[in-house]
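Enquirer: The structure that follows is given in the form of structure tokens.
Numbering (this note's numbering), first residue to last: 303 to 737.
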């Protein structure tokens with residue numbers, strides 16, 4: 303196996319495991335955490351509080367991006383990726399051991415929030431490193447495809463998390479699932495981390511980073527240099543990602559709450575839709591990543607944003623049919639539009655920053671946007687339906703967020719034809735606000 307393929311495989315497996323941990327928490331927040339950790343509140347409030355703890359991970363992700371991006375741009379990508387995997391997996395394993403509110407009272411949700419914060423720190427440093435390693439090790443002419451493979455870790459992790467929860471939900475009674483069954487997927491994370499570590503310790507350091515360090519030395523304060531040299535790139539990355547994030551977490555996470563709470567169907571119905579759609583994304587994300595190598599990052603990304611905005615207005619009326627085949631198809635189409643954005647997104651964001659600052663810049667742009675996108679999307683969706691009595695307001699919210707993405711793309715440079723490494727025009731040149 304070539305070095306580039308080994309790096310891509312390591313990035314894919316590592317990000318799959320880390321996103322498994324992250325989505326497992328999100329799914330559990332939608333399905334069980336409100337009852338187990340906030341039982342003194344009425345169901346809607348309990349679910350909102352569970353999603354609030356889920357949002358803590360998004361707050362921690364930019365901090366993780368800054369922290370691990372700093373060391374990734376100073377000491378190298380490889381060692382940092384090992385640390386993020388250990389942090390994320392360890393926090394998830396400990397969640398599986400947590401006593402609930404019934405056992406230790408208010409300390410239970412406090413410990414849950416703490417572990418969720420550690421999850422967010424780990425994932426905040428994971429994405430940027432995995433994408434940067436794949437992009438810098440890969441074929442310079444196929445950067446969109448190379449960088450898209452860590453993105454495949456998102457549906458792979460979601461598929462694994464949803465699949466485990468689906469099996470448990472289908473085989474266990476409600477009381478058994480709430481009593482102990484929900485812990486099994488979290489404890490399984492411990493074994494999965496060992497697999498990820500075995501893969502990651504075999505990869506080599508990024509050759510592009512090694513050349514930059516040998517000639518110019520590492521950045522002394524990567525965060526400050528990103529703000530000084532790449533302000534426009536940072537703003538574009540954040541704005542382009544917000545709409546993608548809102549659409550994804552509405553289509554893949556809030557759908558669990560909507561189908562079970564509003565439509566009144568079993569949780570296995572919604573999980574089946576997410577499961578099938580995530581399986582399809584495994585193929586669609588690299589397809590759209592490769593398409594961006596041929597036609598450019600911005601056209602492919604924009605086509606996905608327009609399609610997702612349009613589909614958001616059909617999404618909830620189709621869910622309201624309460625037909626399992628229609629619900630599954632609805633989620634599949636929704637996540638297909640997301641794949642069109644997510645495939646080129648990794649290369650698009652990473653190419654906005656110089657090699658010397660790429661880990662920090664890409665991590666900050668991607669993770670800060672998560673606070674305004676995925677962290678708030680389920681909470682806002684619940685509140686909109688609760689206050690208006692209709693999911694139409696959620697569709698408007700998704701479309702408005704995607705409009706922001708389209709505006710960011712309009713102001714972004716097209717980087718797919720630019721040189722891949724070092725401080726060269728297009729990718730590495732400072733993207734100042736005046737540029």
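No residue lacks a Cβ here, since even glycine has one placed at the ideal position from N, Cα and C. Only a predicted model underlies this, so the values are computations on that prediction, with no experimental measurement involved.
Counting pairs of Cβ atoms below 8 angstroms between the region 679-692 and the region 556-566, do you hit three or more?
Expert: Result yes; three or more Cβ-Cβ pairs closer than 8 angstroms.
Enquirer: Pull up the distance between the alpha-carbon of residue 476 and that of residue 452, whole angstroms please.
Expert: Numbered from its first residue, the chain shown carries residue 476 at position 174. Numbered from its first residue, the chain shown carries residue 452 at position 150. Looking at the two C-alpha atoms, the distance is approximately 35 angstroms.
Enquirer: Residue 634: which of 717, 399, 405 and 586 sits nearest, CA to CA?
Expert: Locating residue 634 in the chain shown gives position 332, where the first residue counts as 1. When each option's Cα is compared against that of residue 634, the closest is 586.
Enquirer: For the alpha helix (DSSP H) that contains residue 335, what are its first and last residues?
Expert: Here residue 335 refers to the residue found at position 33 of the chain shown. Counting along the chain, residue 335 falls outside any alpha helix (DSSP H), and DSSP gives it neither H nor E.
Enquirer: How far does the alpha helix (DSSP H) with residue 438 in it extend, from its first residue to its last?
Expert: Within the chain shown, numbered from 1, the residue matching residue 438 stands at position 136. Residue 438 -> alpha helix (DSSP H) spans 409-439.
Enquirer: What's the gap between the Cα of residue 614 and the Cα of residue 577?
Expert: For the purposes of this step, residue 614 is taken as residue 312 along the chain shown, with counting starting at 1. For the purposes of this step, residue 577 is taken as residue 275 along the chain shown, with counting starting at 1. Straight-line Cα distance between these residues: approximately 19 angstroms.
Enquirer: Have a look at residue 498 and residue 478 and give me their C-alpha separation to the nearest angstrom.
Expert: What you label residue 498 is simply residue 196 of the chain shown in a count that begins at 1. What you label residue 478 is simply residue 176 of the chain shown in a count that begins at 1. Roughly 30 angstroms between the two C-alpha positions.
Enquirer: Smallest Cα separation from residue 718: which of 391, 651, 509 and 335?
Expert: By one-based count along the chain shown, residue 718 stands at place 416. The shortest C-alpha separation from residue 718 is found at 651.
Enquirer: Assuming residue 483 contacts residue 474 under a Cβ cut-off of 8 angstroms, what Cβ separation, rounded to an integer in Å, is found between them?
Expert: Working through the chain shown from its first residue, we reach residue 483 at position 181. Working through the chain shown from its first residue, we reach residue 474 at position 172. Residue 483 to residue 474, Cβ: 4 angstroms. Contact.
Enquirer: Looking only at its own chain, which residues have a Cβ that is under 6 angstroms from the Cβ of residue 669, when we skip the five neighbours before and after it?
Expert: The count along the chain shown starts at 1 and reaches residue 669 at position 367. The answer, listed in chain order, is 363, 364, 367 and 426.
Enquirer: In this structure, how does DSSP classify residue 532 when only helix, strand and coil are distinguished?
Expert: Taking the chain shown and counting its residues from 1, one reaches residue 532 at position 230. Reduced to three states, the DSSP call for residue 532 is coil.
Enquirer: Once the 5 residues before and after residue 554 are set aside, which same chain residues still bring their CB inside 6 angstroms of it?
Expert: Start at 1 with the first residue of the chain shown, and residue 554 comes out as number 252. Hits under 6 angstroms: 576.
Enquirer: Could you pull out every residue in the same chain whose Cβ sits closer than 6 angstroms to the Cβ of residue 394, ignoring the five residues on either side in sequence?
Expert: Start at 1 with the first residue of the chain shown, and residue 394 comes out as number 92. Contacts found: 323, 488 and 491.
Enquirer: Rounding to the nearest angstrom, what Cα-Cα distance links residue 663 and residue 542 in this structure?
Expert: By one-based count along the chain shown, residue 663 stands at place 361. By one-based count along the chain shown, residue 542 stands at place 240. Answer to the nearest angstrom: the Cα atoms are 14 angstroms apart.
Enquirer: Should residue 727 be labelled buried (16 or more other beta-carbon atoms within 10 Å of its own) or exposed?
Expert: Taking the chain shown and counting its residues from 1, one reaches residue 727 at position 425. With a pLDDT of 32 at residue 727, under the threshold of 50, the predicted position of this residue should be treated as unreliable, and no value is reported.
Enquirer: Is residue 321 buried or exposed, if buried means 16 or more other CB atoms sit within 10 Å of its CB?
Expert: Reading the chain shown from its first residue, position 19 is the one you call residue 321. Buried, since its Cβ has 16 or more Cβ neighbours within 10 Å.
Enquirer: For residue 503, which of helix, strand or coil comes out of DSSP?
Expert: As a working mapping, residue 503 is identified with position 201 in the chain shown. DSSP places residue 503 in coil when its eight states are reduced to three.
Enquirer: Using the rule of at least 16 other Cβ atoms within 10 Å of the residue's Cβ for burial, across every protein chain shown, is residue 523 buried or exposed?
Expert: Position 221 of the chain shown, counting from 1, holds the residue named residue 523. Answer is exposed; the Cβ neighbour count stays below 16.
Enquirer: Express the C-alpha separation of residue 545 and residue 701 in angstroms, rounding to a whole number.
Expert: As a working note, residue 701 is residue 399 in the chain shown. As a working note, residue 545 is residue 243 in the chain shown. Using only the alpha carbons, I get a separation of about 8 angstroms.
Enquirer: Could you have a look at residue 342 and say whether DSSP puts it in helix, strand or coil?
Expert: To locate residue 342, count along the chain shown from 1; it is residue 40. Of the three classes helix, strand and coil, the one that applies to residue 342 here is coil, per DSSP.
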